[in-house]
Amino acid sequence: MGKYILSIDQSTQGTKALLFDAGGRLMQRADLAHRQIVSERGWVSHDPEEIYANTLQAVRNVVDRSGIDRKEIAALGISNQRETTVAFDDAGKPVCDAVVWQCARAAELCERIAKSGEDISGRVYAATGIRLSPYFPGAKLAWILENVPEAGRVLREGRLRMGTMDSYLVYRLTHGRVYRTDCSNASRTQLFNLASLSWDKEICALFGVPEEVLAEITDSDGDFGETDLEGYLPYPIPIRGVLGDSHGALFGQGCLEKGMIKATYGTGSSIMMHIGDRPVLSGNGLVTSLAWRMGGRAEYVLEGNINYTGAVVTWLKDDLGLIDSAGQTQTLAEVANPDDRSYLVPAFTGLGAPYWAPHARGLLCGMSRTTGRAEIVRDALQCIAYQITDVLRAMQADTGLPLRELRVDGGPTGNRYLMQFQSDITGIPVAVPPTEELSGMGAAYAAGLAVGLYDRHELFDSVERRSYQPSMSGQEADELYAGWRAAVGMALHK
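Taking our numbering, I'd label the letters of the sequence shown as residues 4 to 497.
Dropping the structure here:
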(Lines of atoms letter the chains of each structure in order from A and count residues from 1; the text may use other names and numbers.)
(Lines give C-alpha, C1' and ligand atoms only; values in the text may rest on other atoms or scores of the structure.)
Protein backbone atom coordinates (compact mmCIF):
# COMPACT_ATOMS: atom_id res chain seq x y z
CA MET A 1 0.00 0.00 0.00
CA GLY A 2 1.29 3.43 -0.96
CA LYS A 3 1.58 6.29 1.49
CA TYR A 4 -0.04 9.09 -0.50
CA ILE A 5 -3.35 10.05 -2.09
CA LEU A 6 -3.58 12.22 -5.19
CA SER A 7 -6.62 14.39 -5.74
CA ILE A 8 -7.78 16.36 -8.77
CA ASP A 9 -10.08 19.31 -8.10
CA GLN A 10 -11.38 20.35 -11.51
CA SER A 11 -13.12 23.67 -10.91
CA THR A 12 -14.61 26.50 -12.94
CA GLN A 13 -11.50 28.68 -13.09
CA GLY A 14 -8.82 25.99 -13.20
CA THR A 15 -7.61 22.56 -12.19
CA LYS A 16 -5.82 21.82 -8.93
CA ALA A 17 -3.76 18.76 -8.12
CA LEU A 18 -3.43 18.02 -4.41
CA LEU A 19 -1.23 15.52 -2.59
CA PHE A 20 -2.18 14.15 0.84
CA ASP A 21 -0.07 12.07 3.19
CA ALA A 22 -0.98 8.92 5.14
CA GLY A 23 -2.55 11.06 7.88
CA GLY A 24 -4.79 12.98 5.47
CA ARG A 25 -2.69 16.14 5.68
CA LEU A 26 -2.26 18.33 2.59
CA MET A 27 1.39 18.19 1.50
CA GLN A 28 1.48 20.00 -1.82
CA ARG A 29 -0.74 21.84 -4.28
CA ALA A 30 -0.36 22.82 -7.93
CA ASP A 31 -2.94 24.47 -10.15
CA LEU A 32 -3.38 25.63 -13.72
CA ALA A 33 -6.02 28.02 -15.06
CA HIS A 34 -7.95 27.37 -18.26
CA ARG A 35 -9.64 29.78 -20.67
CA GLN A 36 -13.11 31.15 -20.01
CA ILE A 37 -14.65 31.14 -23.49
CA VAL A 38 -17.46 33.72 -23.59
CA SER A 39 -19.33 34.28 -26.84
CA GLU A 40 -20.91 37.51 -28.07
CA ARG A 41 -24.22 36.10 -26.84
CA GLY A 42 -22.84 35.61 -23.33
CA TRP A 43 -22.57 31.84 -23.62
CA VAL A 44 -19.86 30.41 -21.36
CA SER A 45 -17.77 27.43 -22.51
CA HIS A 46 -14.61 25.50 -21.62
CA ASP A 47 -12.30 23.48 -23.86
CA PRO A 48 -12.34 19.89 -22.51
CA GLU A 49 -9.03 19.07 -24.24
CA GLU A 50 -7.36 21.99 -22.48
CA ILE A 51 -8.80 20.88 -19.16
CA TYR A 52 -7.58 17.31 -19.64
CA ALA A 53 -4.08 18.50 -20.60
CA ASN A 54 -4.03 20.78 -17.55
CA THR A 55 -5.17 17.92 -15.34
CA LEU A 56 -2.21 15.77 -16.39
CA GLN A 57 0.24 18.66 -16.07
CA ALA A 58 -1.03 19.76 -12.66
CA VAL A 59 -0.60 16.22 -11.34
CA ARG A 60 2.95 16.05 -12.71
CA ASN A 61 3.72 19.41 -11.12
CA VAL A 62 2.41 18.52 -7.68
CA VAL A 63 4.22 15.18 -7.54
CA ASP A 64 7.48 16.56 -8.90
CA ARG A 65 7.46 19.46 -6.44
CA SER A 66 6.80 17.14 -3.51
CA GLY A 67 9.79 14.94 -4.30
CA ILE A 68 7.95 11.75 -3.31
CA ASP A 69 8.50 8.38 -4.95
CA ARG A 70 5.75 7.91 -7.55
CA LYS A 71 5.52 4.26 -6.52
CA GLU A 72 4.16 5.39 -3.14
CA ILE A 73 0.88 6.83 -4.51
CA ALA A 74 -2.02 4.62 -3.42
CA ALA A 75 -5.07 6.07 -5.20
CA LEU A 76 -6.62 9.02 -6.98
CA GLY A 77 -9.73 11.06 -6.10
CA ILE A 78 -11.60 13.55 -8.31
CA SER A 79 -13.84 16.49 -7.42
CA ASN A 80 -15.34 18.61 -10.17
CA GLN A 81 -17.45 21.60 -11.18
CA ARG A 82 -20.79 19.87 -11.05
CA GLU A 83 -23.16 21.04 -13.78
CA THR A 84 -20.66 21.77 -16.54
CA THR A 85 -21.58 19.45 -19.41
CA VAL A 86 -19.36 17.58 -21.87
CA ALA A 87 -20.18 15.63 -25.05
CA PHE A 88 -17.50 13.43 -26.63
CA ASP A 89 -17.08 10.37 -28.84
CA ASP A 90 -15.90 6.87 -27.98
CA ALA A 91 -12.29 7.94 -28.57
CA GLY A 92 -12.65 10.67 -25.93
CA LYS A 93 -12.67 13.49 -28.49
CA PRO A 94 -15.10 16.32 -27.58
CA VAL A 95 -17.75 17.06 -30.20
CA CYS A 96 -17.97 20.67 -28.97
CA ASP A 97 -16.76 22.86 -26.12
CA ALA A 98 -18.15 22.06 -22.68
CA VAL A 99 -21.22 24.08 -21.66
CA VAL A 100 -20.38 25.68 -18.32
CA TRP A 101 -22.81 25.60 -15.39
CA GLN A 102 -23.12 29.40 -15.52
CA CYS A 103 -24.37 29.31 -19.11
CA ALA A 104 -28.11 29.82 -19.67
CA ARG A 105 -28.15 29.11 -23.42
CA ALA A 106 -30.80 26.40 -22.85
CA ALA A 107 -33.32 28.80 -21.26
CA GLU A 108 -35.72 28.79 -24.21
CA LEU A 109 -35.48 25.01 -24.41
CA CYS A 110 -36.57 24.76 -20.76
CA GLU A 111 -39.49 27.08 -21.42
CA ARG A 112 -40.56 24.88 -24.31
CA ILE A 113 -40.35 21.73 -22.19
CA ALA A 114 -42.34 23.37 -19.39
CA LYS A 115 -45.16 24.09 -21.85
CA SER A 116 -45.14 20.60 -23.38
CA GLY A 117 -47.55 19.06 -20.87
CA GLU A 118 -49.54 19.59 -17.71
CA ASP A 119 -47.37 20.44 -14.67
CA ILE A 120 -44.16 19.27 -16.34
CA SER A 121 -42.09 21.41 -13.96
CA GLY A 122 -43.80 19.76 -10.97
CA ARG A 123 -43.13 16.27 -12.31
CA VAL A 124 -39.46 17.08 -12.91
CA TYR A 125 -39.12 18.48 -9.40
CA ALA A 126 -40.88 15.54 -7.74
CA ALA A 127 -38.58 13.04 -9.47
CA THR A 128 -35.25 14.90 -9.30
CA GLY A 129 -35.53 17.33 -6.38
CA ILE A 130 -34.56 20.15 -8.75
CA ARG A 131 -36.67 22.84 -10.41
CA LEU A 132 -36.62 22.86 -14.21
CA SER A 133 -33.74 25.15 -15.18
CA PRO A 134 -31.08 25.69 -17.87
CA TYR A 135 -28.53 25.65 -15.03
CA PHE A 136 -28.55 21.83 -14.96
CA PRO A 137 -27.03 19.37 -17.46
CA GLY A 138 -30.32 17.85 -18.64
CA ALA A 139 -31.17 21.00 -20.58
CA LYS A 140 -27.55 21.55 -21.65
CA LEU A 141 -27.35 18.02 -23.09
CA ALA A 142 -30.63 18.56 -24.93
CA TRP A 143 -29.29 21.85 -26.34
CA ILE A 144 -26.14 20.12 -27.64
CA LEU A 145 -28.18 17.39 -29.31
CA GLU A 146 -30.38 20.00 -31.02
CA ASN A 147 -27.67 22.47 -32.02
CA VAL A 148 -24.38 20.62 -32.62
CA PRO A 149 -24.51 18.59 -35.86
CA GLU A 150 -21.42 16.56 -34.88
CA ALA A 151 -23.22 15.34 -31.77
CA GLY A 152 -26.08 14.06 -33.88
CA ARG A 153 -23.74 12.32 -36.30
CA VAL A 154 -21.79 10.57 -33.53
CA LEU A 155 -25.06 9.62 -31.82
CA ARG A 156 -26.34 7.95 -34.99
CA GLU A 157 -23.11 5.98 -35.15
CA GLY A 158 -23.65 4.78 -31.56
CA ARG A 159 -20.44 6.44 -30.33
CA LEU A 160 -21.71 9.43 -28.32
CA ARG A 161 -20.93 9.95 -24.62
CA MET A 162 -22.50 12.82 -22.66
CA GLY A 163 -22.28 13.88 -19.05
CA THR A 164 -20.52 15.87 -16.36
CA MET A 165 -16.81 16.62 -16.12
CA ASP A 166 -16.09 13.70 -13.76
CA SER A 167 -17.28 11.11 -16.28
CA TYR A 168 -15.19 12.74 -19.04
CA LEU A 169 -12.05 12.73 -16.90
CA VAL A 170 -12.59 9.13 -15.78
CA TYR A 171 -13.10 8.08 -19.42
CA ARG A 172 -9.94 9.84 -20.58
CA LEU A 173 -7.79 8.73 -17.65
CA THR A 174 -8.76 5.09 -18.19
CA HIS A 175 -8.43 5.30 -22.01
CA GLY A 176 -12.13 4.61 -22.45
CA ARG A 177 -12.17 1.43 -20.40
CA VAL A 178 -14.43 2.94 -17.72
CA TYR A 179 -17.36 5.28 -18.31
CA ARG A 180 -18.87 6.00 -14.92
CA THR A 181 -20.19 8.87 -12.84
CA ASP A 182 -20.88 8.99 -9.12
CA CYS A 183 -24.25 9.50 -7.46
CA SER A 184 -23.54 13.05 -6.29
CA ASN A 185 -22.81 14.30 -9.81
CA ALA A 186 -25.66 12.28 -11.31
CA SER A 187 -28.10 13.85 -8.85
CA ARG A 188 -27.25 17.31 -10.21
CA THR A 189 -28.02 16.49 -13.86
CA GLN A 190 -31.84 16.76 -13.52
CA LEU A 191 -31.98 13.34 -15.18
CA PHE A 192 -31.54 11.31 -11.97
CA ASN A 193 -34.40 9.87 -9.92
CA LEU A 194 -33.89 10.44 -6.20
CA ALA A 195 -35.98 7.42 -5.23
CA SER A 196 -34.62 4.79 -7.62
CA LEU A 197 -31.06 6.20 -7.63
CA SER A 198 -30.90 5.67 -11.38
CA TRP A 199 -31.44 7.60 -14.60
CA ASP A 200 -35.11 8.51 -14.89
CA LYS A 201 -36.38 7.17 -18.22
CA GLU A 202 -39.34 9.56 -18.37
CA ILE A 203 -37.23 12.64 -17.62
CA CYS A 204 -34.53 11.58 -20.09
CA ALA A 205 -37.22 11.20 -22.77
CA LEU A 206 -38.66 14.60 -21.84
CA PHE A 207 -35.29 16.22 -22.57
CA GLY A 208 -34.67 13.99 -25.59
CA VAL A 209 -31.48 12.57 -24.07
CA PRO A 210 -30.95 8.87 -24.88
CA GLU A 211 -30.15 6.98 -21.70
CA GLU A 212 -27.47 4.96 -23.48
CA VAL A 213 -25.23 8.03 -23.92
CA LEU A 214 -25.06 8.59 -20.14
CA ALA A 215 -22.43 7.13 -17.85
CA GLU A 216 -23.03 4.19 -15.55
CA ILE A 217 -23.86 5.44 -12.04
CA THR A 218 -21.84 4.04 -9.16
CA ASP A 219 -20.97 4.81 -5.53
CA SER A 220 -18.88 7.87 -4.77
CA ASP A 221 -16.23 5.56 -3.33
CA GLY A 222 -16.79 2.98 -6.06
CA ASP A 223 -14.48 1.51 -8.67
CA PHE A 224 -13.71 4.06 -11.40
CA GLY A 225 -10.97 2.00 -12.98
CA GLU A 226 -7.23 2.57 -12.95
CA THR A 227 -4.92 5.14 -14.46
CA ASP A 228 -1.18 5.62 -14.90
CA LEU A 229 -1.80 9.26 -15.87
CA GLU A 230 -0.69 8.73 -19.47
CA GLY A 231 2.47 6.86 -18.46
CA TYR A 232 3.58 9.29 -15.76
CA LEU A 233 3.21 6.67 -13.00
CA PRO A 234 5.19 3.41 -13.05
CA TYR A 235 1.98 1.41 -12.75
CA PRO A 236 -1.77 2.15 -12.70
CA ILE A 237 -3.44 3.31 -9.48
CA PRO A 238 -7.17 3.02 -8.67
CA ILE A 239 -9.58 5.94 -9.01
CA ARG A 240 -11.73 5.43 -5.92
CA GLY A 241 -13.25 8.74 -4.82
CA VAL A 242 -15.39 10.91 -7.12
CA LEU A 243 -17.60 13.74 -5.84
CA GLY A 244 -19.11 16.96 -7.11
CA ASP A 245 -17.16 19.86 -5.61
CA SER A 246 -19.76 20.97 -3.06
CA HIS A 247 -20.35 17.36 -2.01
CA GLY A 248 -16.59 16.92 -1.67
CA ALA A 249 -16.48 19.95 0.62
CA LEU A 250 -19.32 18.52 2.73
CA PHE A 251 -17.43 15.24 3.12
CA GLY A 252 -14.10 16.99 3.71
CA GLN A 253 -15.76 19.03 6.45
CA GLY A 254 -16.79 15.83 8.19
CA CYS A 255 -20.51 16.61 7.89
CA LEU A 256 -21.38 12.93 8.01
CA GLU A 257 -24.47 12.97 10.21
CA LYS A 258 -28.02 14.23 9.81
CA GLY A 259 -28.37 17.92 10.63
CA MET A 260 -24.72 18.86 10.02
CA ILE A 261 -24.22 21.91 7.76
CA LYS A 262 -21.43 23.43 5.71
CA ALA A 263 -21.22 26.69 3.78
CA THR A 264 -18.66 27.33 1.08
CA TYR A 265 -17.82 31.01 0.60
CA GLY A 266 -16.56 31.62 -2.91
CA THR A 267 -17.68 33.90 -5.71
CA GLY A 268 -21.12 32.72 -4.66
CA SER A 269 -21.99 30.22 -1.96
CA SER A 270 -23.22 26.67 -1.62
CA ILE A 271 -24.89 25.85 1.69
CA MET A 272 -25.61 22.16 2.35
CA MET A 273 -27.38 20.33 5.15
CA HIS A 274 -26.99 16.58 5.57
CA ILE A 275 -30.57 15.27 5.90
CA GLY A 276 -29.95 11.56 6.40
CA ASP A 277 -30.84 8.52 4.33
CA ARG A 278 -34.18 9.78 2.97
CA PRO A 279 -34.79 12.69 0.60
CA VAL A 280 -36.77 15.72 1.75
CA LEU A 281 -38.34 17.91 -0.92
CA SER A 282 -38.14 21.57 -0.01
CA GLY A 283 -41.11 23.85 0.38
CA ASN A 284 -38.84 26.82 0.98
CA GLY A 285 -36.79 27.37 -2.16
CA LEU A 286 -34.04 24.77 -1.74
CA VAL A 287 -33.03 21.78 -3.86
CA THR A 288 -32.54 18.15 -2.86
CA SER A 289 -29.55 16.10 -4.01
CA LEU A 290 -27.51 13.09 -3.04
CA ALA A 291 -24.76 13.94 -0.62
CA TRP A 292 -23.08 10.75 -1.81
CA ARG A 293 -23.54 7.02 -1.86
CA MET A 294 -20.70 5.15 -0.16
CA GLY A 295 -20.56 1.50 0.72
CA GLY A 296 -23.95 1.15 -0.97
CA ARG A 297 -25.62 3.62 1.46
CA ALA A 298 -27.21 6.72 -0.01
CA GLU A 299 -27.30 9.96 2.00
CA TYR A 300 -29.07 13.15 0.99
CA VAL A 301 -28.70 16.92 1.30
CA LEU A 302 -30.74 20.06 1.07
CA GLU A 303 -28.81 22.78 -0.74
CA GLY A 304 -29.19 26.49 -1.28
CA ASN A 305 -27.03 28.45 -3.72
CA ILE A 306 -26.58 32.21 -3.56
CA ASN A 307 -25.05 34.32 -6.31
CA TYR A 308 -23.03 36.98 -4.50
CA THR A 309 -20.70 36.40 -1.56
CA GLY A 310 -17.04 36.95 -2.49
CA ALA A 311 -18.31 38.70 -5.62
CA VAL A 312 -19.68 41.49 -3.40
CA VAL A 313 -16.16 42.21 -2.17
CA THR A 314 -14.92 42.20 -5.77
CA TRP A 315 -17.63 44.75 -6.58
CA LEU A 316 -16.42 47.00 -3.74
CA LYS A 317 -12.89 46.90 -5.13
CA ASP A 318 -13.24 46.82 -8.90
CA ASP A 319 -16.44 48.78 -9.49
CA LEU A 320 -16.75 51.21 -6.57
CA GLY A 321 -13.06 51.63 -5.71
CA LEU A 322 -13.86 51.68 -1.98
CA ILE A 323 -11.09 49.21 -1.15
CA ASP A 324 -7.74 48.26 -2.65
CA SER A 325 -7.85 44.65 -1.45
CA ALA A 326 -10.25 42.22 0.20
CA GLY A 327 -8.14 42.37 3.36
CA GLN A 328 -9.21 45.99 3.99
CA THR A 329 -12.84 45.01 4.55
CA GLN A 330 -12.24 43.63 8.02
CA THR A 331 -10.60 46.82 9.36
CA LEU A 332 -13.22 49.11 7.83
CA ALA A 333 -16.13 47.01 9.08
CA GLU A 334 -14.71 47.04 12.59
CA VAL A 335 -14.62 50.88 12.70
CA ALA A 336 -18.07 51.38 11.11
CA ASN A 337 -20.65 53.29 13.17
CA PRO A 338 -22.62 50.64 15.11
CA ASP A 339 -25.70 52.87 15.18
CA ASP A 340 -25.88 53.06 11.39
CA ARG A 341 -28.69 50.82 10.11
CA SER A 342 -28.07 50.76 6.37
CA TYR A 343 -28.38 47.52 4.37
CA LEU A 344 -26.99 46.32 1.05
CA VAL A 345 -29.02 43.75 -0.92
CA PRO A 346 -26.68 42.39 -3.65
CA ALA A 347 -29.35 41.39 -6.16
CA PHE A 348 -27.20 42.53 -9.09
CA THR A 349 -28.49 39.64 -11.24
CA GLY A 350 -31.47 38.73 -9.08
CA LEU A 351 -31.60 36.71 -5.88
CA GLY A 352 -30.85 32.99 -5.56
CA ALA A 353 -32.01 30.64 -2.82
CA PRO A 354 -34.37 30.74 -1.09
CA TYR A 355 -36.06 33.54 -3.10
CA TRP A 356 -35.27 32.59 -6.71
CA ALA A 357 -36.16 36.06 -7.93
CA PRO A 358 -34.20 36.71 -11.15
CA HIS A 359 -35.90 40.08 -11.64
CA ALA A 360 -35.00 41.47 -8.20
CA ARG A 361 -32.49 44.32 -8.28
CA GLY A 362 -29.81 45.36 -5.82
CA LEU A 363 -30.23 48.28 -3.48
CA LEU A 364 -28.58 50.16 -0.64
CA CYS A 365 -31.23 51.38 1.80
CA GLY A 366 -31.64 52.82 5.28
CA MET A 367 -28.88 55.37 4.77
CA SER A 368 -28.36 58.46 6.92
CA ARG A 369 -25.57 61.01 7.32
CA THR A 370 -23.69 58.38 9.33
CA THR A 371 -23.49 56.13 6.25
CA GLY A 372 -20.05 56.40 4.70
CA ARG A 373 -17.30 54.26 3.24
CA ALA A 374 -16.79 52.10 6.31
CA GLU A 375 -20.52 51.50 6.74
CA ILE A 376 -21.02 50.46 3.10
CA VAL A 377 -18.08 48.06 3.32
CA ARG A 378 -19.55 46.64 6.55
CA ASP A 379 -22.94 46.29 4.82
CA ALA A 380 -21.25 44.30 2.04
CA LEU A 381 -19.82 41.82 4.54
CA GLN A 382 -23.03 41.59 6.52
CA CYS A 383 -25.14 40.87 3.43
CA ILE A 384 -23.09 37.69 2.92
CA ALA A 385 -23.99 36.48 6.41
CA TYR A 386 -27.63 37.51 6.04
CA GLN A 387 -28.02 35.58 2.78
CA ILE A 388 -26.55 32.44 4.30
CA THR A 389 -28.85 32.86 7.31
CA ASP A 390 -31.82 33.01 4.90
CA VAL A 391 -30.84 29.58 3.57
CA LEU A 392 -30.19 28.14 7.03
CA ARG A 393 -33.64 29.19 8.20
CA ALA A 394 -35.20 27.62 5.11
CA MET A 395 -33.37 24.38 5.92
CA GLN A 396 -34.66 24.44 9.46
CA ALA A 397 -38.21 25.06 8.22
CA ASP A 398 -37.99 22.14 5.76
CA THR A 399 -36.52 19.61 8.18
CA GLY A 400 -37.45 20.71 11.70
CA LEU A 401 -33.82 20.01 12.65
CA PRO A 402 -32.04 22.34 15.07
CA LEU A 403 -29.15 24.46 13.81
CA ARG A 404 -26.19 23.46 16.00
CA GLU A 405 -23.03 24.49 14.12
CA LEU A 406 -22.03 25.88 10.75
CA ARG A 407 -18.81 24.54 9.24
CA VAL A 408 -17.39 26.94 6.68
CA ASP A 409 -14.71 27.02 4.00
CA GLY A 410 -13.43 29.31 1.27
CA GLY A 411 -11.30 32.45 1.10
CA PRO A 412 -13.71 34.86 2.89
CA THR A 413 -13.63 32.67 6.01
CA GLY A 414 -10.31 34.32 6.82
CA ASN A 415 -12.24 37.54 7.57
CA ARG A 416 -12.72 37.57 11.35
CA TYR A 417 -15.42 40.26 11.25
CA LEU A 418 -17.51 38.27 8.77
CA MET A 419 -17.15 35.01 10.68
CA GLN A 420 -18.08 36.62 14.01
CA PHE A 421 -21.08 38.35 12.47
CA GLN A 422 -22.15 35.09 10.84
CA SER A 423 -22.12 33.43 14.25
CA ASP A 424 -23.94 36.35 15.85
CA ILE A 425 -26.73 36.62 13.29
CA THR A 426 -27.38 32.86 13.14
CA GLY A 427 -26.94 32.34 16.88
CA ILE A 428 -24.77 29.24 16.43
CA PRO A 429 -21.03 28.50 16.45
CA VAL A 430 -19.14 28.91 13.18
CA ALA A 431 -16.20 26.52 12.69
CA VAL A 432 -13.31 27.27 10.29
CA PRO A 433 -10.99 24.39 9.26
CA PRO A 434 -7.21 24.77 8.92
CA THR A 435 -7.26 24.40 5.10
CA GLU A 436 -9.32 25.88 2.27
CA GLU A 437 -9.01 22.90 -0.10
CA LEU A 438 -12.14 21.13 1.10
CA SER A 439 -13.50 19.89 -2.26
CA GLY A 440 -10.31 18.13 -3.28
CA MET A 441 -9.80 16.99 0.29
CA GLY A 442 -13.21 15.31 0.34
CA ALA A 443 -12.43 13.38 -2.84
CA ALA A 444 -9.01 12.39 -1.47
CA TYR A 445 -10.53 11.23 1.81
CA ALA A 446 -13.14 9.15 -0.02
CA ALA A 447 -10.40 7.52 -2.11
CA GLY A 448 -8.10 6.94 0.88
CA LEU A 449 -10.90 5.38 2.90
CA ALA A 450 -11.91 3.17 -0.04
CA VAL A 451 -8.43 1.67 -0.40
CA GLY A 452 -7.93 1.30 3.36
CA LEU A 453 -5.21 3.92 3.81
CA TYR A 454 -7.31 6.07 6.14
CA ASP A 455 -9.41 5.36 9.22
CA ARG A 456 -12.62 7.41 9.25
CA HIS A 457 -12.59 8.25 12.97
CA GLU A 458 -8.91 9.19 13.04
CA LEU A 459 -9.31 11.23 9.86
CA PHE A 460 -12.19 13.44 10.96
CA ASP A 461 -11.80 13.52 14.74
CA SER A 462 -8.28 14.95 14.53
CA VAL A 463 -9.28 18.17 12.72
CA GLU A 464 -8.81 21.28 14.87
CA ARG A 465 -11.12 24.10 13.80
CA ARG A 466 -11.18 27.73 14.81
CA SER A 467 -14.55 28.40 16.43
CA TYR A 468 -16.52 31.65 16.56
CA GLN A 469 -19.22 31.80 19.25
CA PRO A 470 -22.28 34.08 19.27
CA SER A 471 -21.60 37.24 21.29
CA MET A 472 -24.56 39.41 20.27
CA SER A 473 -27.80 39.42 22.24
CA GLY A 474 -30.67 37.53 20.67
CA GLN A 475 -32.79 40.69 20.63
CA GLU A 476 -30.20 42.70 18.71
CA ALA A 477 -29.67 39.85 16.23
CA ASP A 478 -33.42 39.59 15.65
CA GLU A 479 -33.73 43.35 15.08
CA LEU A 480 -30.85 43.38 12.60
CA TYR A 481 -32.24 40.38 10.72
CA ALA A 482 -35.72 41.92 10.59
CA GLY A 483 -34.17 44.98 8.96
CA TRP A 484 -32.50 42.73 6.41
CA ARG A 485 -35.76 41.00 5.55
CA ALA A 486 -37.44 44.37 5.08
CA ALA A 487 -34.63 45.42 2.72
CA VAL A 488 -35.00 42.19 0.73
CA GLY A 489 -38.73 42.88 0.50
CA MET A 490 -37.96 46.20 -1.17
CA ALA A 491 -35.57 44.51 -3.63
CA LEU A 492 -38.19 41.90 -4.51
CA HIS A 493 -40.75 44.56 -5.35
CA LYS A 494 -38.56 46.84 -7.45
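The beta carbon of each residue, even a glycine, is placed where N, CA and C say it ideally should be.
Predicted model only: the values in this text are computed from it and were never measured.
Item                                                                                                : Value
As assigned by DSSP and simplified to three states, the class of I8                                 : strand
Range of the contiguous beta strand (DSSP E) that encloses L29                                      : 29-36
Alpha-carbon to alpha-carbon, Y358 and K19                                                          : 33 Å
Residue closest to V47, alpha-carbon to alpha-carbon, out of A25, E86, A107, C99                    : A107
Simplified DSSP state of V173, which is helix, strand or coil                                       : helix
Minimum length 3: unbroken beta strand (DSSP E) runs contained in the region 115-202                : 164-167, 183-185
Ordered list of beta strand (DSSP E) runs contained in the region 283-369, each at least 3 residues : 290-297, 300-309, 346-348, 366-368
Own chain, CB closer than 7 Å to A189, minus 5 neighbours either side, in chain order               : F195, I220
Min CB distance T429 to chain C below 7 Å                                                           : The displayed structure is made up of one protein chain only, and chain C is not part of it.
Three-pair Cβ contact test at 8 Å for the region 275-292 versus the region 396-406                  : yes
Length of the line joining the Cα atoms of A33 and A350                                             : 34 Å
Selection from F139, M263, S474, I309 that minimises the alpha carbon distance to Y389              : I309
Which of helix, strand or coil DSSP assigns to V62                                                  : helix
P432 - DSSP class collapsed to helix/strand/coil                                                    : coil
S474 versus P152, A383, T429, E467, residue with shortest Cα-Cα distance                            : T429
Whole-Å CB distance - V89 paired with P51, under 8 Å assumed                                        : 5 Å
Member of P140, R396, N150, T58 whose CA lies at the smallest distance from the CA of N287          : R396
Inter-residue spacing [alpha-carbon to alpha-carbon] between A383 and D12                           : 29 Å
Nearest-angstrom Cα separation, counted from S136 out to H37                                        : 26 Å
Any alpha helix (DSSP H) of 4 or more consecutive residues that is wholly inside the region 240-286 : 248-255
Pairwise C-alpha distance: L158 and L335                                                            : 57 Å
Identity of the residues DSSP links to T88 by a beta bridge                                         : V102, T167
T373 in three-state terms, based on DSSP                                                            : coil
Which of helix, strand or coil DSSP assigns to F210                                                 : helix
Entirely enclosed beta strand (DSSP E) segments - the region 377-456, minimum 3 residues            : 409-412, 433-435
Rounded Cβ spacing between L29 and L9 (contact assumed at less than 8 Å)                            : The Cβ separation is near 12 Å, so there is no contact.
Coarse secondary structure for Y235, derived from DSSP in three states                              : coil
Nearest-angstrom Cα separation, counted from S470 out to T267                                       : 16 Å
Limits of the beta strand (DSSP E) - the one that H49 falls within                                  : 47-49
Residue range of the beta strand (DSSP E) that includes F463                                        : No beta strand (DSSP E) contains F463, which is instead part of the alpha helix (DSSP H) from 459-464.
CA nearest to the CA of L259, picked from A446, E302, P241, Q39                                     : E302
Option nearest A94 by Cα separation, candidates T373, E467, S249, R162                              : R162
Cβ-Cβ distance between L347 and L367 below 7 Å                                                      : yes
CB-CB length for Q145 against D203, believed under 8 Å                                              : Reading off the sequence, residue 145 comes out as Ala, not Gln. No, A145 and D203 are not in contact; Cβ-Cβ is about 14 Å, not under 8 Å.
Separation of L59 from L232, as counted between CA atoms                                            : 7 Å
Span of the beta strand (DSSP E) around L79                                                         : 76-83
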